[in-house]
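Colleague:
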Amino acid sequence: MRHALAAVLAALTLAACGERASQEAPSTIVVYVHEHAQQLRFAEMLAEFTAESGIAVTPRYGSSRELTDAVIGKTDSPRADVLLTSNAADIWRAGYEGALRPLPEAVLRGVPEVLRDPDGAWVATIVRTPTLIAAEGVALDGVASYADLAAPAMAGRLCIASSQLPANRALIAMLIESERARPAERIVRGWVRNLARPPYAGDSDLLAAVYEGDCEIGLVASGAGIGNLLQASLPGPYIGIDGVGVARHAGNPEGAHRFVEWIVAKQSLGLSGRYFTMHVGVAGYRDAEARLLAERAGYR
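The opening residue of the sequence shown carries number 15 in this note's numbering; numbering runs sequentially from there.
1. Confirm, please, whether the CB-CB distance from residue 139 to residue 11 is below 7 angstroms.
2. For residue 36, which residues of its own chain have a beta-carbon under 8 angstroms away from its beta-carbon, when the five flanking residues on both sides are left out?
3. Tell me whether the segment 78-88 and the segment 237-252 touch, counting them as touching only if at least three CB pairs, one residue from each stretch, are closer than 8 angstroms.
4. Does residue 240 come out as helix, strand or coil in the three-state DSSP assignment?
5. Tell whether a beta-carbon distance below 7 angstroms holds between residue 71 and residue 47.
6. What does the alpha-carbon distance come out to for the pair residue 254 and residue 125?
7. Using C-beta distances below 6 angstroms, list every residue in its chain close to residue 128, excluding the 5 sequence neighbours before and after it, in chain order.
8. DSSP state of residue 13, grouped into three classes?
9. With a threshold of 8 angstroms, are at least 3 pairs of Cβ atoms found where one atom belongs to the segment 160-167 and the other to the segment 194-206?
10. Which residues does DSSP list as the beta-bridge partners of residue 142?
11. Given this structure, state the Cα-to-Cα distance separating residue 63 from residue 274, to the nearest angstrom.
12. Can you find the residues in the same chain that come closer than 8 angstroms, C-beta to C-beta, to residue 344, ignoring five residues on each side of it along the sequence?
13. Please list the terminal residues of the continuous beta strand (DSSP E) segment that includes residue 194.
14. Evaluate residue 287 with the Cβ neighbour count: other Cβ atoms within 10 Å of its Cβ, from every protein chain shown; 16 or more gives buried, anything less gives exposed.
15. Do the segment 266-280 and the segment 180-198 make contact, defined as three or more Cβ pairs closer than 8 angstroms?
16. Taking C-alpha atoms, which residue in 68, 211, 216, 168 lies nearest to residue 10?
17. For residue 214, does the three-state DSSP call read helix, strand or coil?
18. Just tell me which of 220, 250, 226, 230 has its CA closest to the CA of residue 238.
19. Check whether the Cβ of residue 195 lies closer than 6 angstroms to any heavy atom of the ligand ZN, and answer yes or no.
20. Could you pull the DSSP bridge partners for residue 98 from this structure?
21. Alpha helix (DSSP H) containing residue 85: first to last residue?
22. Looking at the structure shown, is residue 222 part of a helix, part of a strand, or coil, going by DSSP?
23. Look at the alpha carbon of residue 313 and the alpha carbon of residue 206, and state the distance between them as a whole number of angstroms.
24. With the cut-off set at 7 angstroms, would you say residue 94 and residue 261 are in Cβ contact?
25. Looking at the structure shown, is residue 15 part of a helix, part of a strand, or coil, going by DSSP?
26. Spell out the partners DSSP gives residue 115 in its beta bridges.
27. Within the same chain, show all residues whose beta-carbon is closer than 6 angstroms to that of residue 295, passing over the 5 residues directly before and after it, in chain order.
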């Protein structure tokens, strides 16, 4: 009996020590984050979160698509707690494939319905709107819609970036949603006819071309880096986002939820005051259609 009692006491002591050690051990989460976030001083934000919450963050940077594939396929190593994508299509895909767990109501209620998953698996953290820019001395008069960019008057004047960029496919997807497929394709074909140069690899190359006068008018994914170029926003609910969700197989879901709540509060300031009429998930579920339309229109 004494031996049995001693064994029980020893087990309880070990359990208590283990629990105490667990409580004292630093809490850590692994965040899979798109590589463009490094340009937004993301490391400084992570340090700020750790200072406020006591939760350490291990970031893994990579392409939004590859990180999303890893979370969906459970091939992520180290195992992801949080997925932060650079576009709506990837975060939508992760939610659609069941790779994300529902977010707490405290997170969801701070984000407009059109900027979050209907099932609560993800939310937008950053919103970007396409911006029209013009070279020095060029006016944007007469350009009031995306269809106007396809008009004959724009021949040889327009520059755009590649349809391989998620932001540009999102724009096409949202055109399909609002205009329907055939009118949207006519618009995109018009863009291609009016190009002054072949589509650029990215917005930075396009911006440089407009600054240098190689392009009169350009369409970029956001207003970042435009400087003193003449710019205008076209009407329509065509937006790009960064999206965030908690991985279904997260090792530290509580810490992950705290991080998501924190980053949404940090980055979503002003979202509720802006008016969006189209759900950003359109960029996800119409992504395949947008790819095919771009191919048919010769938009590379």
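Cβ coordinates follow ideal geometry from the N, Cα and C atoms, glycine included.
Modeller: Working from what's here:
1. Any property of residue 11 remains undetermined from this structure, which presents the chain solely from 15 to 314.
2. Along the sequence shown, one-based indexing puts residue 36 at 22. The predicted model places residue 36 with a pLDDT of 41, which falls under 50 and marks its position as unreliable, so this point remains unresolved.
3. no
4. As a first step, residue 240 is located in the sequence shown; it is residue number 226 there, counting from the start. Residue 240: coil per DSSP, three-state reduction.
5. The count along the sequence shown starts at 1 and reaches residue 71 at position 57. The count along the sequence shown starts at 1 and reaches residue 47 at position 33. It is not a contact, given that the beta carbons lie outside the stated cut-off.
6. Residue 254 sits at position 240 when you count from the first residue of the sequence shown. Residue 125 sits at position 111 when you count from the first residue of the sequence shown. Cα to Cα, the separation comes out at about 15 angstroms.
7. For the purposes of this step, residue 128 is taken as the residue at position 114 of the sequence shown. Excluding sequence neighbours, residue 128 sits near 290, 293.
8. Here the chain comprises residues numbered 15 to 314, so residue 13 is not present and cannot be evaluated.
9. yes
10. Within the sequence shown, the letter at position 128 stands for residue 142. In DSSP, residue 142 forms a bridge with 254.
11. Within the sequence shown, the letter at position 49 stands for residue 63. Within the sequence shown, the letter at position 260 stands for residue 274. For residue 63 and residue 274, the distance between alpha carbons rounds to 10 angstroms.
12. Since the displayed the chain opens at 15 and closes at 314, residue 344 lies outside it and no answer follows.
13. The residue labelled residue 194 in the question sits at position 180 within the sequence shown. Segment: none, residue 194 is in no beta strand (DSSP E) and carries neither H nor E.
14. Numbered from 1 along the sequence shown, position 273 holds the residue referred to as residue 287. Because residue 287 sits at a pLDDT of 49, beneath the cut-off of 50, its placement in the model cannot be relied upon, and the point is left open.
15. no
16. The structure shown does not extend to residue 10, since the chain is modelled only from 15 to 314, so the question has no answer here.
17. Position 200 of the sequence shown, counted from the first residue, corresponds to residue 214. Three-state result, residue 214: strand.
18. The residue labelled residue 238 in the question sits at position 224 within the sequence shown. When only C-alpha atoms are compared, the closest one is 220.
19. The ligand ZN is not among the ligands present in this structure, which contains no ligands whatsoever.
20. As a first step, residue 98 is located in the sequence shown; it is residue number 84 there, counting from the start. Looking at the DSSP assignment, residue 98 forms a beta bridge with 47, 258.
21. Position 71 of the sequence shown, counted from the first residue, corresponds to residue 85. First-last of the alpha helix (DSSP H) with residue 85: 78-87.
22. As a first step, residue 222 is located in the sequence shown; it is residue number 208 there, counting from the start. Residue 222 falls in the helix class under three-state DSSP.
23. Taking the first residue of the sequence shown as 1, we reach residue 313 at position 299. Taking the first residue of the sequence shown as 1, we reach residue 206 at position 192. So the two alpha carbons sit approximately 6 angstroms from each other.
24. To locate residue 94, count along the sequence shown from 1; it is residue 80. To locate residue 261, count along the sequence shown from 1; it is residue 247. Going by C-beta atoms, residue 94 is nearer than 7 angstroms to residue 261.
25. In the sequence shown, the residue the question calls residue 15 occupies position 1. Bear in mind that the predicted position of residue 15 carries a pLDDT of just 44, short of 50, making it unreliable; the figure below should be weighed with that in mind. Residue state, collapsed to three classes: coil.
26. Mapped onto the sequence shown, residue 115 falls at position 101. Note: residue 115 sits in a beta bridge opposite 260.
27. Walking along the sequence shown from the start, residue 295 turns up at place 281. Around residue 295: 106.
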